[in-house]
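I have placed the structure first, in the form of structure tokens, so that the comments after it can refer back to it.
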Amino acid sequence: MIKLVILDVDGVMTDGTKYYDRDGKVVLKLFCDKDWTAIKRFRAIGIPVVFITGDPYNEMILKNRNLPVVVNRGEGFHKDKVNYLAEILEDFNCFAKEVLYLGDDLFDYGIMREVGHPYCVSNSPRTLQDISAVLHCNGGENVVMHLFEDLEDRGLIPVVPYDEVMTKIYDLDLKEKF
């Protein structure tokens, strides 16, 4: 069974497209609301979701949704995402074999090699597809929703009655800022 889900953001929850202002600052990305609902579904059945992202733009979006986030790149630093795994495992009291990581690009390779359940989107490089379960969708196309349903189908997460899940989802929804 999976006890923790770790997600990349850009190229997973978005299609990887970014809109910049003339100074090179990111000003817009597009997310799919069904993915936010799928994240609440994971949380409602007791599976925490954590994010590791290379773009500080994503940090406030995730914090406004009360979601834990690690930013592995900023001015003057860029660390491999796998460097954060031990701390995350300790924080969530689980083992690497119980963790699912979903990524899309070569920056995800190191951490994907360490977790028990590596996943990637279908437009990921072959290097990732060779070591992962491949979802049948591209980044930004309801990826987290597809992941949730794939895990249910494989019996890797518990199936919880609809009414019980929806009550918890509504409670989580009320705690978000948008």
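If you're matching positions, the sequence shown starts at 0 in numbering that gives the first Met the number 0 and goes up one per residue. A virtual CB, placed ideally from N, CA and C, is assigned to each residue, including glycine.
{"Asked": "Contact set for Val-49: own chain, Cβ-Cβ below 8 Å, skip 5 residues either direction", "Found": "Leu-3, Val-4, Ile-5, Leu-6, Leu-66, Pro-67, Val-68, Val-69, Ile-87, Phe-91"}
{"Asked": "Three-state secondary structure assigned by DSSP to His-145", "Found": "helix"}
{"Asked": "Beta-carbon proximity of Lys-62 to Asn-71, cut-off 7 Å", "Found": "no"}
{"Asked": "Separation of Asp-34 from Cys-136, as counted between CA atoms", "Found": "13 Å"}
{"Asked": "For Ile-1 and Glu-113, believed in contact at Cβ under 8 Å, the rounded distance", "Found": "In fact, because the Cβ distance is near 15 Å, the residues do not count as touching under 8 Å."}
{"Asked": "CA-to-CA distance, Ile-110 to Ala-85, given in whole angstroms", "Found": "10 Å"}
{"Asked": "Ile-60 versus Asn-82: straight-line alpha-carbon distance, rounded", "Found": "23 Å"}
{"Asked": "Cβ pair count under 8 Å reaching 3, the region 117-125 against the region 23-34", "Found": "no"}
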